[in-house]
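Line order of the protein sequences matches chains P, H and B.
Those letters in the first sequence? Residues 1 to 222, by our numbering.
Those letters in the second sequence? Residues 223 to 271, by our numbering.
Those letters in the third sequence? Residues 272 to 516, by our numbering.
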Amino acid sequence: MLSALLTIIRRDLLVAFRRRAELMNPILFYVIVVTLFPLGVSPDQEFLSQLAPGVVWVTALLAALISMESIFRQDFDDGSVEQLFLSQHPPTILILGKVIAHWLITGLPMLVIVPLMALLLYIPQQAIPTLFITVLIGTPILSLIGAIGVALTAGLRGGGVLLGLLVLPLYIPVLIFASGAVSAAIEGLPYSGHVAMLGAGLILALILSPLAISASLKISMS
Amino acid sequence: MQEFFYMDGKWMYVWGSYAITLIALVLSIVFANSRKKKLFREIEDSLED
Amino acid sequence: MWAWFHKLSSPKYYYKWSGKWLPWLGGLTIILSAIGLYWGLVVAPTDYQQGESYRIIFIHVPAAWMSMFVYMVMAGAGFVALVWKTKISEIVVSECAVIGAVFTAIALVTGMLWGKPTWGTYWTWDARLTSELILLFLYFGVIAIYSSIEDKRVAAKAASMLSIVGVINIPIIHYSVTWWNSLHQPNMEIVSDKPSMDPSMLYPLLIMAIAFKVYFGWVLFMRIRNEIISRERATKWVKELVTAS
């Protein structure tokens with residue numbers, strides 16, 4: 001089973017690297033949107049540093065949403081999804097592999113980009129490690145939950161906006177605890193509770209999402 | 223009686239709330255009923271061919 | 272008991288069975304509402320703090336309770352739809368989505384109209400209102416995914432899946448929003464007060480709550496029946512039913 005998992009991860013990574021240019025898109029999107037805030041509101045340091053925890057994470061949610069599109073769509077169109085269910089391996093493992101691969105491609109770069117942009121928004125340095133931890137734990141949750149939404153809308157046209165409507169409300173707890181942790185760290189207050197909640201969320205998502213994704217894919221295929 | 227409708231000056235809010243609620247709920251029933259009649263008419267018409 | 276449930280999953284039997292209940296549900300709704308409204312608007316005393324505007328709670332709170340209750344019913348029906356795949360449970364999911372959204376909207380609007388005279392502002396990002404708004408988004412999501420799939424049986428399954436995922440998230444969302452709000456609450460905010468309520472106000476509230484529940488049954492049954500007629504229009508029993516009326 002582990003080898004099947006690793007094979008799927010390798011395969012998806014290979015496919016993604018064939019289109020290397022596209023890998024940059026979510027990252028560029030993230031940078032541009034974060035830049036919009038000082039431009040649209042105010043470049044004032046005190047103001048931005050107050051907004052920063054929220055802005056940095058809201059934009060992460062949006063970037064995750066944008067990047068979610070890639071996860072099942074192609075496979076749905078070319079029939080690979082059916083193969084997934086026909087294989088001898090349990091579909092939940094294969095699905096988990098796909099989500100892990102997706103996170104490696106879209107979430108891992110966030111670990112670098114988010115703290116970087118946060119510094120540009122004047123988040124104090126002492127809060128950056130906390131921010132890093134929230135991104136590390138939070139982005140996999142976004143991939144796991146987002147994949148459920150993609151699985152449900154796989155065959156549909158209205159795609160992107162519909163996906164946002166379905167998935168963003170579900171992202172809200174991640175947003176609250178992640179930005180809360182960063183805000184607490186900025187104030188010098190304890191943030192371990194927030195991070196613990198995120199951790200619990202990740203465990204819950206790891207257990208439940210593959211099942212939900214599998215069921216959703218089956219529904220979309222009918 | 224005057225006092226009752228005046229609701230301490232807040233009559234707009236109180237009666238506004240009740241009006242919106244009542245209208246929404248009553249309209250739902252009315253709409254369900256009219257859809258039923260429409261369906262029945264449609265099916266009856268299609269049977270007559 | 273299971274045999275009865277099993278029978279109810281047949282559209283034809285369900286149609287007959289629900290038809291018998293309709294007049295009772297309708298009549299009970301009207302009677303209970305009349306009693307509750309009279310009691311709440313006329314009999315119940317003026318509130319010490321809020322004066323007369325508190326009377327909005329007699330529709331705001333029942334609407335808010337219903338918005339949660341209907342979501343549970345929808346998710347439960349969704350579970351039945353995914354596991355047992357009955358037509359009726361699928362219809363219940365799609366109908367509950369719309370009815371639930373209406374209750375949620377009523378709760379939000381009446382909440383806003385209550386907030387203005389009481390705390391001076393139409394909107395406030397307090398835990399209850401914010402959670403209610405997110406609930407409205409969840410309903411919209413279910414409605415959106417249902418309407419975007421053409422095959423209505425598949426659409427119902429997708430909607431069922433989403434409502435089950437949503438129902439797991441609702442306590443998480445509530446918890447996180449309550450916690451978030453407790454951090455940011457400005458001092459003078461009185462989060463929707465329901466400390467201990469005087470019986471003279473509690474009883475009409477409970478009566479209205481029951482009235483709303485009975486109403487829900489009434490409008491739900493009507494909508495399910497319509498959907499049954501629409502989907503089963505090619506069957507003999509529907510044709511006979513229509514020509515007989």
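Glycine included, C-beta positions come from ideal geometry on N, C-alpha and C.
For alanine 346(B), the enclosing alpha helix (DSSP H) has its first and last residue at 328–355. Looking from the CA of leucine 409(B), the closest CA among Leu491(B), Ile301(B), His445(B), Asp422(B) belongs to His445(B). A Cβ-Cβ separation of about 14 Å leaves glutamate 498(B) out of contact with isoleucine 414(B) under the 8 Å criterion.
Beyond the five residues adjoining it in sequence on each side, proline 210(P) comes within less than 6 Å, by CB distance, of Thr92, Ile95, Leu96 in the same chain, given in chain order. Between the stretch 300–316 of chain B and the stretch 349–360 of chain B there are fewer than three inter-stretch CB-CB distances shorter than 8 Å, so the stretches are not counted as touching.
Closer than 8 Å at the C-beta level to chain P, one finds no residue of the stretch 333–345 of chain B.
In this structure, glutamate 403(B) keeps its C-beta atom at 8 Å or more from the C-beta atom of alanine 515(B).
Residue Leu406(B) holds the alpha-carbon nearest to the alpha-carbon of leucine 379(B) among Pro282(B), Leu406(B), His277(B).
Assignment of glycine 149(P) by DSSP, reduced to helix, strand and coil, places it in the helix class. DSSP places aspartate 318(B) within a strand segment (E or B) once states are collapsed to three.
Contact with chain B is found for alanine 215(P), since one of that chain's Cβ atoms lies less than 8 Å from the residue's Cβ.
If you check the CB distance, phenylalanine 29(P) and valine 150(P) do not come in under 8 Å. Residue-level contact check: proline 91(P) does not touch chain B, since none of the beta carbons of chain B fall below 8 Å from its beta carbon.
Cα atoms of proline 109(P) and glutamate 82(P): separation of roughly 30 Å, rounded to the nearest angstrom. Listed along the chain, the chain H residues whose CB falls inside 8 Å of the CB of methionine 493(B) are Ile251, Ala254, Asn255, Lys258. Considering only beta carbons, the part of the stretch 347–369 of chain B lying closer than 8 Å to chain P consists of Leu353, in chain order. Around valine 248(H), no beta-carbon contact reaches into chain B at under 7 Å, the shortest distance being about 10 Å.
Residues of the stretch 191–212 of chain P with a Cβ closer than 8 Å to any Cβ of chain B, in chain order: Met197, Gly201, Leu208, Ala212.
When the five nearest sequence neighbours on each side are left out, the beta carbons in the same chain lying within less than 8 Å of the beta carbon of leucine 162(P) are those of Thr153, Leu156, in order along the chain. Counting only residues of its own chain and dropping the five nearest sequence neighbours on each side, leucine 2(P) has no CB closer than 7 Å to any other CB. The Cβ-Cβ distance between tryptophan 310(B) and tyrosine 474(B) falls below 8 Å. In this structure, the straight-line span from the alpha carbon of lysine 287(B) to that of isoleucine 327(B) is close to 38 Å. Listed by position along chain H, the residues whose Cβ is nearer than 8 Å to that of threonine 381(B) are Ser239, Ile242, Thr243. Our two residues, proline 53(P) and leucine 189(P), have alpha carbons roughly 14 Å apart in a direct line.
Annotated three-state conformation of valine 41(P) is coil, per DSSP.
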